[in-house]
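*Asks:*
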Amino acid sequence: MLTQDELRVFHKYASILMLVLMGILTGWLFKQLTAPRMDFYNELWGPAYLLAQGKSPYDTSGLNTNLPAAWFPMAIGFFSPLGWLPENSAPQVWYVFNIMEICAIIYMAQGDNRSVYNTVILALLGFFFPPTLNHFSLGQISITVTLCLVLAVHFANKERHWLAAFFIALAFSKPHLALLAGLGLSYHYYLRGKTREMIFFWGRTLLISLALCIPLFITYPNWIPDAILSMTQNPPWLYPSLFILFQRYFGAWGVVLGGATAIVTLWLSYFLWKKLPPAQAMVWSLALAPLFSPYVGSWDFVILLPLLISTFATIDWGRKVVIIILYAIAWYGMALVQMQESSHNHFFWWVPLWFLGMSALMTNWKTNHLSDSAQPL
1 MLTQDELRVF
11 HKYASILMLV
21 LMGILTGWLF
31 KQLTAPRMDF
41 YNELWGPAYL
51 LAQGKSPYDT
61 SGLNTNLPAA
71 WFPMAIGFFS
81 PLGWLPENSA
91 PQVWYVFNIM
101 EICAIIYMAQ
111 GDNRSVYNTV
121 ILALLGFFFP
131 PTLNHFSLGQ
141 ISITVTLCLV
151 LAVHFANKER
161 HWLAAFFIAL
171 AFSKPHLALL
181 AGLGLSYHYY
191 LRGKTREMIF
201 FWGRTLLISL
211 ALCIPLFITY
221 PNWIPDAILS
231 MTQNPPWLYP
241 SLFILFQRYF
251 GAWGVVLGGA
261 TAIVTLWLSY
271 FLWKKLPPAQ
281 AMVWSLALAP
291 LFSPYVGSWD
301 FVILLPLLIS
311 TFATIDWGRK
321 VVIIILYAIA
331 WYGMALVQMQ
341 ESSHNHFFWW
351 VPLWFLGMSA
361 LMTNWKTNHL
371 SDSAQPL
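Residue numbers (our numbering): 1 to 377.
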């Protein structure tokens, strides 16, 4: 009979093994999803390639991109070595990297409730999550942003403040996904040491953000005007956000409703950071980000995964079954939307609400048979 410590070690290494095996299987199953000339080409490889050639990374017109580069320079600086890879092989490298990141998110978001059973089920839920598959197809960076924010709070808890700032800085490559979490972590530092600690956190983050941009300053010092122009040239479209939905159906009143939603979301995030341990507050802030930001794509909904994983890992098996059923209903709903001839990205606006509601229900619903304090095996 294994002791509790021995059992914990077994689940730790068995989980790692299962993630490796399932990551390899997923890489093989979905290898045809990666497509050329998609977001990865427009936003990351193209700018990195131009940087490697000593050209402006934000003037991608010569590469015949579909969209101007809009990801913030921290990502381009950090991932600039991708520009040395051939155009056809770079998306495959990025695809494998994204799979490894999903595995890391599944492993870390379980926290102290990690088990091999949870890991296997959550790997299936995470890899087959429609936004994950869409993310793989586009070669997006939202999985990277999600992992960075999970790591940021992890290292803040470990008193590794420069590492926490590094991952926050890199996550701000997509500020609309990172802002709510960044504000929450700022409040965490404020609670630690009032204004002084919070300013130090901001200072470390700013310094690292500038350091990540060094490759751009060295290679093409005048990149900033091109970056501003490129980021303002993105065409508007119907995002799957409540802000856009409200505007579409309520006109001027939609702006008021959208603003009220953002304020409520900000207050809720503040309340959660005040009441919950930082790691738990972080996963909720991540999941609230699509409601807070008017600028979001359905592939960005991978940011919901840490909340799904954390919730599943901390509830009893009765509720695990319910959450799988609710997940399956959502999966079927997303599949139906995708199959419609008139399908559009904004039709997925309900997905964050579904998963937030599902997690809130599961963490507060008390069963007659098992208490809320029950832990996964």
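In this text, a Cβ means the ideal position worked out from N, Cα and C, and glycines have one as well. This one's a predicted model, so the numbers in the text were calculated from it and none came from an experiment.
Residue 327: which of 127, 260 and 108 sits nearest, CA to CA?
*Replies:* Translated into positions along the sequence shown, residue 327 becomes position 327. With distances taken between Cα atoms, residue 327 lies closest to 127.
*Asks:* Take residue 125 as the anchor and find which of 355, 364 and 343 has the nearest alpha-carbon.
*Replies:* The residue labelled residue 125 in the question sits at position 125 within the sequence shown. Here the closest residue by C-alpha is 355.
*Asks:* Excluding sequence positions up to five away, which residues of its chain have a Cβ less than 7 Å from the Cβ of residue 373?
*Replies:* Indexing the sequence shown from 1 puts residue 373 at position 373. Because the pLDDT of residue 373 is 40, which lies under 50, any placement of that residue in the model is unreliable, and the number read from its coordinates should be weighed accordingly. Around residue 373: no qualifying Cβ.
*Asks:* Kindly give me the distance between the Cβ atoms of residue 293 and residue 240, rounded to whole angstroms, as I take these residues to be in contact under 8 Å.
*Replies:* Taking the sequence shown and counting its residues from 1, one reaches residue 293 at position 293. Taking the sequence shown and counting its residues from 1, one reaches residue 240 at position 240. So it is not a contact: roughly 11 Å between Cβ atoms.
*Asks:* CA-CA distance, residue 295 and residue 235?
*Replies:* Position 295 of the sequence shown, counted from the first residue, corresponds to residue 295. Position 235 of the sequence shown, counted from the first residue, corresponds to residue 235. Rounded to the nearest angstrom, the two C-alpha atoms are 12 Å apart.
*Asks:* Is it buried or exposed for residue 21, if we count other Cβ within 10 angstroms and need 16 for buried?
*Replies:* Translated into positions along the sequence shown, residue 21 becomes position 21. Flag for residue 21 reads exposed.
*Asks:* Along the chain, which unbroken stretches of the alpha helix (DSSP H) at least 4 residues long are found entirely within the stretch 126–168?
*Replies:* If we require 4 residues or more, the alpha helix (DSSP H) runs fully inside the stretch 126–168 come out as 130–138 and 142–157.
*Asks:* Starting from the C-beta of residue 359, find all residues in its chain whose C-beta is less than 6 Å away, skip the five residues before and the five after it, and write them out in chain order.
*Replies:* Your numbering for residue 359 matches position 359 in the sequence shown. For residue 359, where only same-chain residues beyond five positions count, the Cβ hits under 6 Å are 307 and 311.
*Asks:* Give the list of continuous alpha helix (DSSP H) stretches no shorter than 4 residues that lie fully inside the stretch 45–117.
*Replies:* If we require 4 residues or more, the alpha helix (DSSP H) runs fully inside the stretch 45–117 come out as 46–52, 73–78 and 90–109.
*Asks:* Thinking residue 288 and residue 268 are a contact (beta carbons under 8 Å), I'd like their distance in whole angstroms, please.
*Replies:* Along the sequence shown, read from residue 1 onward, the residue named residue 288 stands at position 288. Along the sequence shown, read from residue 1 onward, the residue named residue 268 stands at position 268. Contact holds; Cβ gap of about 7 Å.
*Asks:* Around the Cβ of residue 56, are there at least 16 other Cβ atoms within 10 angstroms (buried) or fewer (exposed)?
*Replies:* As a first step, residue 56 must be located in the sequence shown, where it is residue number 56. The residue is buried, with at least 16 neighbouring Cβ atoms inside 10 Å.
*Asks:* Specify the secondary structure class of residue 344 as computed by DSSP and reduced to three states.
*Replies:* As a first step, residue 344 must be located in the sequence shown, where it is residue number 344. Of the three classes helix, strand and coil, the one that applies to residue 344 here is coil, per DSSP.
*Asks:* Report whether the distance from the Cβ of residue 323 to the nearest heavy atom of the ligand SAH is below 7 Å.
*Replies:* Here there are no bound small molecules, and the ligand SAH is not part of this structure.
*Asks:* If we ignore side chains and look at the alpha-carbon of each, how far apart do residue 16 and residue 2 end up?
*Replies:* On the sequence shown, position 16 is the one that residue 16 refers to. On the sequence shown, position 2 is the one that residue 2 refers to. In a straight line, the C-alpha of residue 16 is about 19 Å away from that of residue 2.
*Asks:* DSSP state of residue 196, grouped into three classes?
*Replies:* What you label residue 196 is simply residue 196 of the sequence shown in a count that begins at 1. Helix, per DSSP.
*Asks:* Measure the C-alpha to C-alpha separation of residue 42 and residue 261 and round it to an integer number of angstroms.
*Replies:* For the purposes of this step, residue 42 is taken as the residue at position 42 of the sequence shown. For the purposes of this step, residue 261 is taken as the residue at position 261 of the sequence shown. Spanning the two alpha carbons is a distance of roughly 32 Å.
*Asks:* Please return the same chain residues whose Cβ sits closer than 8 Å to the Cβ of residue 345, not counting the five positions on each side in sequence.
*Replies:* If you number the sequence shown from 1, residue 345 lands on position 345. Closer than 8 Å at the Cβ level, and outside the excluded window around residue 345, lie 237, 238, 239, 240, 297 and 298.
*Asks:* Near residue 272, what residues of its chain come up, given a Cβ to Cβ distance below 6 Å and the 5 sequence neighbours on each side ignored?
*Replies:* Along the sequence shown, read from residue 1 onward, the residue named residue 272 stands at position 272. Taken in chain order, the residues that qualify are 281 and 284.
*Asks:* Can you list, in chain order, the residues of its chain with a C-beta nearer than 7 Å to that of residue 369? Leave out the 5 residues immediately preceding and following it.
*Replies:* Along the sequence shown, one-based indexing puts residue 369 at 369. Interpretation of residue 369 is limited by its pLDDT of 39, a score under 50 that renders its predicted location unreliable; no figure is taken from the coordinates.
*Asks:* Check this for me: beta carbons of residue 197 and residue 189, under 8 Å apart or not?
*Replies:* As a first step, residue 197 is located in the sequence shown; it is residue number 197 there, counting from the start. As a first step, residue 189 is located in the sequence shown; it is residue number 189 there, counting from the start. Against a cut-off of 8 Å, the Cβ pair of residue 189 and residue 197 comes out as a contact.
*Asks:* Given that a residue counts as buried once 16 or more other Cβ atoms are within 10 Å of its Cβ, and exposed if not, what is residue 251?
*Replies:* Locating residue 251 in the sequence shown gives position 251, where the first residue counts as 1. Residue 251 should be labelled exposed.
*Asks:* Which residue comes first and which comes last in the alpha helix (DSSP H) that contains residue 35?
*Replies:* What you label residue 35 is simply residue 35 of the sequence shown in a count that begins at 1. Where residue 35 is concerned, there is no enclosing alpha helix (DSSP H), given that its DSSP letter is neither H nor E.
*Asks:* Smallest Cα separation from residue 147: which of 179, 101 and 161?
*Replies:* In the sequence shown, residue 147 corresponds to position 147, counting from 1. When only C-alpha atoms are compared, the closest one is 101.
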